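Q: Chains as they are written, first to last, in this note's numbering: chain A, 1 to 286; chain B, 1001 to 1331.
C-beta: ideal position from N, C-alpha, C; glycine also.
Computed from a prediction, not measured in an experiment: that's the story for all the values here.
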Amino acid sequence: MKHVHRVRIGPVGFRIGSDWRAPIAQIADLYRDYPAPNDGVADYNVRLFAARPWRRWLRPAITLGGDFTLPDAVPMPLDWGVLAAEMAMNLQLALGERRYLLLHASAVERDGRALLMTGVSGAGKSTLAALLATRGWRLMGDEFALLDPATGLVHAFPRLVSLKNASVGVMQAAAPAARFGPLLASTPKGDLRHMVPDATAIVRMDQPARPALILFPSFGFDPATRPLPQSEAFVRLTQASTNYTALGEAGFDALTHLVRAVPSRAIDYPDTDAALEMVEAEWSAL
Amino acid sequence: MTLVRALRDPASTAALDGDGWTALIAMARAEQMAGTLARRVTGIAKPPAADCLLTATLASAEQGRIAALWEAEAAHRVLALLGVPVVLLKGTAYVAAGLQAGQGRSIGDLDILVPRASLDAVEAALLAAGWEWVKPDPYDDAYYRHWMHELPPLIHRERDRMIDVHHTILPLTARITPDIDAMIDDSVTLGNGLRVLSREDMVLHSVAHLFADGDLAGGLRNLWDIHCLLKEVETSALMARARHHGLEREAARAMRLAQALYSPSEVEKPVSPLTLADRLYRRRLLARDGWGRATRPLTRLAFYIRSHWLRMPPLMLARHLWTKWRKAGPA
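(1) Would you check if the distance between the CB atom of residue 10 (chain A) and the CB atom of residue 156 (chain A) is smaller than 7 Å?
(2) CB-CB under 8 Å to residue 135 (chain A), same chain, minus the five flanking residues each way: which ones, in chain order?
(3) Please tell me whether residue 1049 (chain B) has its Cβ less than 7 Å away from any Cβ of chain A.
(4) Under 7 Å, Cβ to Cβ, is there at least one residue of chain A near residue 1092 (chain B)?
(5) Which runs of the alpha helix (DSSP H), 4 residues or longer, sit entirely within the stretch 182-208 of chain A?
(6) Does DSSP classify residue 264 (chain A) as helix, strand or coil?
(7) Could you name the residues of the same chain whose beta carbon sits closer than 6 Å to that of residue 94 (chain A), not counting the 5 residues immediately before and after it, in chain order?
(8) Within the chosen definition, does the stretch 1213-1223 of chain B reach the stretch 1299-1315 of chain B through at least 3 CB pairs nearer than 8 Å?
(9) I'd like to check one pair, residue 1211 (chain B) with residue 1161 (chain B): are the Cβ atoms closer than 7 Å?
(10) Based on the DSSP secondary-structure assignment, which residues constitute the bridge partners of residue 1166 (chain B)?
(11) What is the rounded straight-line gap between the Cα of residue 247 (chain A) and the Cα of residue 98 (chain A)?
(12) Give the C-beta separation of residue 1036 (chain B) and residue 1103 (chain B) to the nearest angstrom, bearing in mind that I take them to be a contact with Cβ-Cβ under 8 Å.
(13) Mind listing which residues of the stretch 31-42 of chain A have their C-beta closer than 9 Å to chain B's C-betas, in chain order?
(14) Can you grab the Cα-Cα spacing for the pair residue 179 (chain A) / residue 195 (chain A), in whole Å?
(15) If you draw a straight line from the alpha carbon of residue 1023 (chain B) to that of residue 1011 (chain B), how long is it in whole angstroms?
(16) Report yes if the C-beta distance between residue 1027 (chain B) and residue 1288 (chain B) is below 7 Å; otherwise report no.
(17) Helix, strand or coil: which one does DSSP assign to residue 2 (chain A)?
(18) Would you grab the beta carbon distance between residue 1110 (chain B) and residue 1142 (chain B) for me? Rounded to a whole angstrom, and I think it's under 8 Å.
(19) Checking contacts by CB at 7 Å: is residue 1029 (chain B) closer than that to chain A?
(20) Below 6 Å CB to CB, which residues in the same chain sit around residue 3 (chain A) once its five sequence neighbours on both sides are set aside?
(21) Which of the three DSSP states is assigned to residue 11 (chain A) in this structure?
(22) Here's the rule I'm using: 16 or more other beta-carbon atoms within 10 Å means buried, otherwise exposed. How should residue 58 (chain A) be labelled?
(23) For residue 49 (chain A) and residue 63 (chain A), which I take to be in contact (beta-carbon distance under 8 Å), what is that distance rounded to the nearest angstrom?
(24) As a quick exercise: from A:45, A:35, A:228 and A:41, pick the residue whose alpha carbon is nearest that of residue 203 (chain A).
(25) So, is the C-beta of residue 1331 (chain B) closer than 7 Å to a C-beta in chain A?
(26) In angstroms, rounded to a whole number, what distance separates the CA positions of residue 16 (chain A) and residue 1081 (chain B)?
(27) Quick one: grab the DSSP three-state call for residue 62 (chain A).
(28) Does the Cβ of residue 1203 (chain B) have 16 or more other Cβ atoms within 10 Å, making it buried, or fewer, making it exposed?
(29) Can we say the stretch 1147-1157 of chain B touches the stretch 1120-1139 of chain B, given the rule of at least three CB pairs closer than 8 Å?
(30) Does the beta carbon of residue 1053 (chain B) sit closer than 7 Å to a beta carbon anywhere in chain A?
(31) What are the boundary residues of the alpha helix (DSSP H) that residue 1132 (chain B) is part of?
So, in structure tokens, the structure goes:
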């Protein structure tokens, strides 16, 4: 491919290729503080390409490709290059990863222990993780927590934080020194802007952490917390995992150990300030 | 070619750097051969990152093997009651019989072969046991039932796994009609009630699938299967059987290409050199770049057209394409 960038995010190396310069230039800039893949070997390839040769110039549209693909991927405008690359990287992991059990969760760490937050899109897991990272927590990732079945540790995957709609403003106010990608208006996920994780998140991304608490946040309700039985946490996490079935017995064992060892709580919250208080309260009560 | 070289001569990968490994693994994934590659290069010195990746690939292939055997068992439990012979085909057969071709092989659908006379009973039993139709289109359904060598694919409601029930190994419209009764009669039992084709017929099924049907998509993997399976048969016995099925030309081509691509320089079984046509096949088989992308669009198109030409007589093909084209148009 014409334009290429290689990057390692946590334990995962990517080779990203593109028919166009712009998406690669943006990705290379946003990931400039990240290392190259270990030994130069990329775990996954991502391809951003024009489905038809003329679409490279004429109404250019990015088609997502890679080692693992879903049928019927819808092309995206060239301006959404960063989003395309991020989505394609996530997709490679979601479909191809077998070393770690993938949990669709954000993760932050304090004192070597990890807090996982999982929930449906819009539950606030990205925003909460990013905000906690401005208050003394280390950001491990806002999309996937990588659970190692062999050790029970969670590995960081601190890719760009994907902020949507109101959280863009919230984070620009909370982390004025942070670097942000281009504002992508009216994507299928709404207005979207990527934020580069802080220096700590990048420097310490090779340090895994032992999970200590799993939260299932829900936004837009009166404050309430409820402990989840292990069985319910287990079922919810199987649904939050993209490769649980593919891992077979290893996935089952990893998840069973996790929900047995780590308490789970559902928290309802009306606004982010309340949520942060509730998270801190749950954490100190451990 | 990088991938073929690595499979033929695993030691050659010692010369690869990080980019070389990245490209090799990308190609192997695109050809559904990552597990096969991982098996081949086990024990060869390589960058730790590549080793880690290939170890995970092996674990994944092992999980795939378990799932495939379980799926075969699930079908067997349903079909055993019917008392008809159920013959495993392709990947599941290779792993069930413990053959080299099954080592690290990716296995998608479960393919089984049953006598045509018991097709209705088999279909009814599977439907009653939780499998359901994938293709709702009545034209496609009728087409399969009338002309194809298999039922329209079924998928299991809970396990989300596909089963292809074959009653012969090539479409009924193809010009070659292998002796399927002989194939079923000569199939061998595995001891758990399931059966696999005799070694010769196993090769010939793979040969028919690759060279007398389809457009050679996934051809490198199929040719690797053939390369491995050829070690299990006597050439003379194979060719005699091929003659019986009308697959002599295809079998000879398979042997030439398997040797040209996958056999190390020292020749075990002398085979004639590649013909001009063989070189076209070779060109098609190697149409893949270091990003896993399909290359050589014209060669691909030619083989795609050929696949339809092989499958149907011209008039029928015209009618089929016309129907498909009208359906694809603005409805």
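A: Let me spell this out:
(1) With contacts defined by Cβ atoms closer than 7 Å, residue 10 (chain A) and residue 156 (chain A) form a contacting pair.
(2) 276
(3) yes
(4) With a threshold of 7 Å between beta carbons, residue 1092 (chain B) makes no contact with chain A.
(5) 199-203
(6) strand
(7) 242
(8) Output reads yes: the stretch 1299-1315 of chain B touches the stretch 1213-1223 of chain B.
(9) Cβ atoms of residue 1161 (chain B) and residue 1211 (chain B): not closer than 7 Å.
(10) B:1113 and B:1150
(11) 6 Å
(12) 7 Å
(13) With the criterion set as a beta carbon lying under 9 Å from some beta carbon of chain B, the members of the stretch 31-42 of chain A are 36, 37, 38, 39, 40, 41 and 42, in sequence order.
(14) 6 Å
(15) 17 Å
(16) yes
(17) Collapsing the DSSP output to three states places residue 2 (chain A) in coil.
(18) In fact, because the Cβ distance is near 24 Å, the residues do not count as touching under 8 Å.
(19) yes
(20) 18, 21 and 24
(21) coil
(22) exposed
(23) 6 Å
(24) A:35
(25) For residue 1331 (chain B), the predicted model reports a pLDDT of 39, less than 50, meaning its position is unreliable and no value from the coordinates is stated.
(26) 53 Å
(27) The answer is strand: DSSP assigns residue 62 (chain A) an E or B state.
(28) buried
(29) With a cut-off of 8 Å, the stretch 1120-1139 of chain B and the stretch 1147-1157 of chain B count as touching, because enough Cβ pairs lie within range.
(30) At a cut-off of 7 Å, the C-beta of residue 1053 (chain B) has a neighbouring C-beta in chain A.
(31) Element bounds for residue 1132 (chain B): not the alpha helix (DSSP H) but the beta strand (DSSP E), 1131-1133.
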